[in-house]
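Numbering (this note's numbering), first residue to last: 1 to 250.
No residue lacks a Cβ here, since even glycine has one placed at the ideal position from N, Cα and C.
Nothing here was measured: the structure is a model prediction, and the numbers come from that model.
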Amino acid sequence: MTQRLLLIACFTSLSALTQAQQPNRAGGDPKLSEYYDPAIRVVAPGKTAADAPADAVVLFNGTDASAWESKDGGPIKWKVENGAMTVVSGTGIIRTKQGFGDCQLHIEWRTPAEVKGDGQGRGNSGIFLMGKYELQVLDSYNNKTYSNGQAGSIYKELPPLVNASRGPGEWQTYDIIFTAPVFYPDGTVKSQARITVLHNGVLVQNNMSIWGSTQYIGIANYEKHSDKEPIQLQDHGNPVSYRNIWIRPL
Ligand code: MG
């Protein structure tokens with residue numbers, strides 16, 4: 001008897017589930033699987049996917065670099081002209097004054113039209129999420145280098161799925177979805193950082209786990225840090241430019 005009741009109960013719930021997935025079928029109430037609270041917040045999108053949505057923090061609009069500081073904490077020493085911020089070799093990294101963790105970041109970059117050098121020496125810069133995890137910026141258009149060091153890679157960790165590079169001197173886009181790592185109080189990693197990247201609209205990192213902070217030599221490793229850290233842009237000696245940078249903290 002008990003078994004029979006159990007079977008009927010199972011069959012009834014299975015039947016309810018099937019009907020919920022097929023609202024046109026008679027006998028179920030489709031409203032049982034709908035809710036209105038919480039309502040979804042409205043965000044006015046930009047005119048194009050490259051334009052900042054209404055709730056974004058604009059980090060650089062082409063003229064105002066006040067969201068950034070140099071490595072010594074003063075104003076940036078990069079060139080701000082013609083709607084772009086351009087690396088001045090030897091002046092060092094720049095970083096946001098504000099810290100960010102989980103985010104959606106849009107950033108546009110351009111390597112020099114005049115091709116000089118090769119491999120890692122050609123149009124090298126980088127976007128360091130939380131100041132630690134480098135999404136490589138490089139002129140990777142017909143420019144051979146190690147796979148996990150080319151444009152779209154998480155430097156020395158994750159190669160991009162494809163090479164979606166435009167040519168030297170052309171503006172390129174990164175659309176990044178980043179999840180910050182989470183640490184236990186003792187500094188061990190509870191969950192690794194994760195990243196999704198579209199390069200010029202093409203998926204190059206698909207919700208990948210980052211192994212740790214970027215290292216030039218040796219293996220990436222995690223060191224406990226706060227849940228919000230500045231974003232850094234790299235001075236690697238090449239006059240790489242940036243424009244239209246906006247972020248949505250998540
Ligand atoms: Mg770099």
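Q: Pull up the CB-CB distance for Leu-138 and Asn-148, whole angstroms please, since I reckon it's below 8 Å.
A: Against the sequence shown, residue 138 aligns to sequence position 138. Against the sequence shown, residue 148 aligns to sequence position 148. Contact doesn't hold; Cβ gap of about 12 Å is too wide.
(Q) With the cut-off set at 7 Å, would you say Ile-235 and Val-87 are in Cβ contact? (A) For the purposes of this step, residue 235 is taken as the residue at position 235 of the sequence shown. For the purposes of this step, residue 87 is taken as the residue at position 87 of the sequence shown. Just to set this straight, residue 235 is Asp in the shown sequence, not Ile. Yes, these two residues count as a Cβ contact at 7 Å.
Q.
By the three-class DSSP mapping on this structure, what secondary structure does Ser-89 have?
A. Walking along the sequence shown from the start, residue 89 turns up at place 89. Here Ser-89 carries a coil assignment [DSSP, helix/strand/coil].
Q.
Just list the residues that DSSP pairs Tyr-174 with in beta bridges.
A. Here residue 174 corresponds to residue number 174 of the sequence shown, with the count starting at 1. Answer by DSSP bridge pairing, in chain order: Ile-107, His-199.
**Q.** Closer than 6 Å: Gln-136 CB and nearest the ligand MG heavy atom
**A.** By one-based count along the sequence shown, residue 136 stands at place 136. Yes.
**Q.** Buried or exposed by the 16-neighbour rule on C-beta atoms within 10 Å, applied to Glu-252
**A.** This structure gives no information on residue 252, because the portion of the chain shown stretches from 1 to 250.
(Q) By the three-class DSSP mapping on this structure, what secondary structure does Leu-59 have? (A) The count along the sequence shown starts at 1 and reaches residue 59 at position 59. The answer is strand: DSSP assigns Leu-59 an E or B state.
Q: Find out if the Cβ-Cβ distance for the pair Leu-233, Phe-178 is shorter than 7 Å.
A: The sequence position of residue 233 within the sequence shown is 233, counting from 1. The sequence position of residue 178 within the sequence shown is 178, counting from 1. It is not a contact, given that the beta carbons lie outside the stated cut-off.
Q) Would you call the CB atoms of Pro-168 and Val-115 closer than 7 Å? A) Against the sequence shown, residue 168 aligns to sequence position 168. Against the sequence shown, residue 115 aligns to sequence position 115. Between Pro-168 and Val-115, the C-beta gap is smaller than 7 Å, which places the two residues in contact.
(Q) Measuring straight from C-alpha to C-alpha, what distance separates Gly-99 and Asp-64? (A) Here residue 99 refers to the residue found at position 99 when the sequence shown is read from its first residue. Here residue 64 refers to the residue found at position 64 when the sequence shown is read from its first residue. Roughly 18 Å separates the two Cα atoms.
Q | Helix, strand or coil at Leu-32 according to DSSP, with G and I counted as helix | A | One-based indexing of the sequence shown puts residue 32 at position 32. The answer is helix: DSSP assigns Leu-32 an H, G or I state.
Q | Glu-157 burial status per 10 Å Cβ neighbour count (16 or more: buried) | A | Along the sequence shown, read from residue 1 onward, the residue named residue 157 stands at position 157. Glu-157 comes out buried.
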